Amino acid sequence: MPTHILAIESSCDETAASVCVDGAILSNEVATQEVHANFGGVVPELASRSHLQHIVPVVEQALRKANISLYAIDAIAYTQSPGLIGSLLVGGQFAKSLALSLDKPLIAVHHMQAHVLANLIEHPTLSFPFLCLTVSGGHTQLVKCESATKMEVIGETIDDAAGEAFDKTAKLLGLPYPGGPLIDEYAKSGKANRFVFPEPQIADLNFSFSGLKTSILYFLQNAGKSHAYHPELIASAQEQQTFIQENLEDLCASVQQRIVSILLHKLKKAVAVTGIKQIALAGGVAANSGLRKGIEEMAQKYQYQYYIPSLRYCTDNAAMIAITGYHKFLAKQFAPLDIRSSAKATW
Ligand code: KG4
Ligand code: ZN
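The numbering used here applies: residue 9 is where the sequence shown begins, and numbers increase by one.
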């Protein structure tokens with residue numbers, strides 16, 4: 009008998025549901041919350057309320073697209089951690105209620121592990137072990153993936169996430185939230201070697217982006233005269249604005265190049281440390297065209313095998329929860345109904 013999993017993702021500002029059969033995705037529905045656009049970031053309370061409005065229609069739509077009845081579902085998978093607690097609770101309570109009323113097992117999924125396993129959706133034969141660079145708005149991690157249920161974080165950011173570095177830079181440049189995709193767009197017509205931003209010297213396989221953010225701030229404040237803080241160099245608001253307007257594409261291309269080089273440098277180091285030459289990307293920042301091109305070039309140069317999920321499986325989605333749920337189902341890793349949602353990212 010084939011195994012059908014219904015999966016629910018509600019960790020941040022996307023209400024998503026998916027159905028998979030034996031690991032093949034039948035539907036992948038996402039309702040993106042528009043309500044945050046005016047606030048420059050996700051407002052947690054508004055996110056929770058929006059999940060409440062969207063969750064029933066999104067789940068119904070996922071079942072309809074998969075052409076499957078709720079009663080044919082074998083287990084309910086949902087994002088249990090990490091994320092915004094109010095958002096997690098909506099999806100969690102909904103999943104538990106369904107599991108209880110249908111008398112089907114509940115599967116608790118870790119959002120970051122699901123991002124990694126999104127790579128299995130289009131590459132079901134991807135063999136273990138592989139290394140995954142997971143880059144999102146909240147996380148930047150290097151994960152050693154030994155099996156679908158055994159993963160280890162071998163490096164992570166000690167401050168900002170890569171997505172935050174993109175979004176905060178965009179904010180400094182006066183671009184709306186989330187600015188990552190806009191930086192990517194402007195960078196396409198900019199000169200990446202025009203401005204050189206510093207690469208942080210961080211030990212091991214960890215990352216840091218807060219120094220880069222500060223150097224960009226100072227650079228813009230003094231209209232490109234220095235990366236360091238010199239009060240006497242600070243330009244007028246008008247001069248700063250003009251500098252940004254006249255150099256927007258080059259600024260975006262230069263910042264993007266630096267963020268990508270920081271990420272790929274550590275990925276290369278992780279290959280050297282672990283000896284694992286199969287590499288994968290995951291998370292929303294994996295949509296970045298500079299990063300995608302960079303990993304492709306690196307893989308060709310050093311003869312790594314590389315994998316990148318399609319864009320719809322990089323940004324937050326429920327198909328990644330479904331594939332993870334399927335593997336946990338095979339491993340009989342079920343959760344009790346009194347399990348709590350957790351905002352923290354403990355592995
Ligand atoms: O994984 P995700 O959808 O949500 C989180 O779990 O955080 O990632 C969202 C992040 C945001 O910071 C957004 O700016 C960034 O991914 N992002 C991009 C691009 N598309 C999304 N950053 C750079 N270039 C892109 N094309
Ligand atoms: Zn995510």
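For each residue, glycine too, the CB sits at the ideal point set by N, CA and C.
Since the model is a prediction, treat every value here as computed from it, not as a measurement.
Per-residue burial, residue 325 [other beta carbons within 10 Å of its own, 16 or more giving buried]: Position 317 of the sequence shown, counted from the first residue, corresponds to residue 325. Looking at its Cβ environment, which holds 16 or more other Cβ atoms inside 10 Å, residue 325 is buried.
Sequence-ordered residues whose beta carbon comes within less than 5 Å of a heavy atom of the ligand ZN: Any residue whose Cβ sits closer than 5 Å to a heavy atom of the ligand ZN makes the list: 144 and 324.
Within 8 Å, strictly: CB atoms of residue 127 and residue 330: As a working note, residue 127 is residue 119 in the sequence shown. As a working note, residue 330 is residue 322 in the sequence shown. Not a contact, by the Cβ cut-off of 8 Å.
Close-in-space but distant-in-sequence residues of the same chain around residue 199 (CB under 7 Å, 5 per side omitted): Taking the first residue of the sequence shown as 1, we reach residue 199 at position 191. Only 258 and 261 meet the Cβ criterion.
Minimum length 4: unbroken alpha helix (DSSP H) runs contained in the region 172–232: For the region 172–232, whole alpha helix (DSSP H) runs of length 4 or above, ordered along the chain, are 188–195 and 218–229.
Whole-angstrom C-beta distance between residue 145 and residue 169, which should lie under 8 Å: Here the question's residue 169 lines up with position 161 in the sequence shown. Here the question's residue 145 lines up with position 137 in the sequence shown. Residue 169 to residue 145, Cβ: 6 Å. Contact.
Member of 27, 61, 29 and 178 whose CA lies at the smallest distance from the CA of residue 40: Numbered from 1 along the sequence shown, position 32 holds the residue referred to as residue 40. Nearest option by C-alpha distance: 61.
Every unbroken beta strand (DSSP E) within the region 248–306, with a cutoff of 3 residues, ordered by chain: DSSP runs (the beta strand (DSSP E)) wholly in the region 248–306: 286–290.
Sequence-distant residues of its chain with Cβ nearer than 6 Å to residue 138 (five each side left out): Indexing the sequence shown from 1 puts residue 138 at position 130. Counting only Cβ-Cβ distances below 6 Å, and skipping sequence neighbours, we find 153, 286 and 288.
Secondary structure of residue 146, DSSP reduced to three states: In the sequence shown, counting from the first residue as 1, residue 146 sits at position 138. In the structure shown, the three-state DSSP call for residue 146 is coil.
Which of helix, strand or coil DSSP assigns to residue 20: If you number the sequence shown from 1, residue 20 lands on position 12. If DSSP states are grouped into helix, strand and coil, residue 20 belongs with coil.
Check: residue 51 C-beta below 7 Å from any heavy atom of the ligand KG4: What you label residue 51 is simply residue 43 of the sequence shown in a count that begins at 1. No, the ligand KG4 has no heavy atom inside 7 Å of this Cβ.
Neighbourhood of residue 207 by C-beta distance below 7 Å, restricted to the same chain and skipping five residues each side: Mapped onto the sequence shown, residue 207 falls at position 199. Cβ within range, chain order: 266, 269 and 270.
Coil, strand or helix - residue 321 by DSSP: Counted from its first residue, the sequence shown places residue 321 at position 313. DSSP places residue 321 in helix when its eight states are reduced to three.
Cβ contact check for the region 74–93 and the region 14–22: 3 or more pairs under 8 Å: Result yes; three or more Cβ-Cβ pairs closer than 8 Å.
Residue 9 in three-state terms, based on DSSP: Taking the first residue of the sequence shown as 1, we reach residue 9 at position 1. Here residue 9 sits in coil by DSSP.
Residues near residue 181 in its chain [Cβ-Cβ closer than 6 Å; skip 5 each side]: Looking up residue 181 in the sequence shown gives position 173. Answer for residue 181: 252, listed in chain order.
CB of residue 4 within 8 Å of CB of residue 92, strictly: With the chain covering only 9 through 355, there is no way to say anything about residue 4.
Selected residue, minimal CA-CA separation from residue 143, among 67, 293, 347 and 196: By one-based count along the sequence shown, residue 143 stands at place 135. Here the closest residue by C-alpha is 293.
Classification of residue 352 by the beta-carbon crowding that lies within 10 angstroms, buried from 16 upward: Residue 352 sits at position 344 when you count from the first residue of the sequence shown. Residue burial is scored here from C-beta neighbours: residue 352 has fewer than 16 other C-beta atoms within 10 angstroms and is therefore classed as exposed.
Contact under 8 Å by Cβ, residue 36 with residue 327: Along the sequence shown, read from residue 1 onward, the residue named residue 36 stands at position 28. Along the sequence shown, read from residue 1 onward, the residue named residue 327 stands at position 319. Contact: yes.
Residue 153 beta carbon near the ligand KG4 (any heavy atom closer than 7 Å): The residue given as residue 153 occupies position 145 in the sequence shown. Not so, every heavy atom of the ligand KG4 lies at least 7 Å from the Cβ.
Residues that DSSP places opposite residue 14 in a beta bridge: For this step, residue 14 is matched to residue 6 along the sequence shown. Residue 14 is bridged to 27 and 84.
Uninterrupted beta strand (DSSP E) stretches inside the region 81–166 (no shorter than 3 residues): For secondary structure counted as the beta strand (DSSP E) over 3 or more consecutive residues, the region 81–166 holds these complete runs in sequence order: 83–89, 114–118, 138–143, 148–155 and 158–164.
Enclosing beta strand (DSSP E) for residue 35 [first to last residue]: If you number the sequence shown from 1, residue 35 lands on position 27. Taken as a continuous stretch (DSSP letters only), the beta strand (DSSP E) holding residue 35 covers 32–40.
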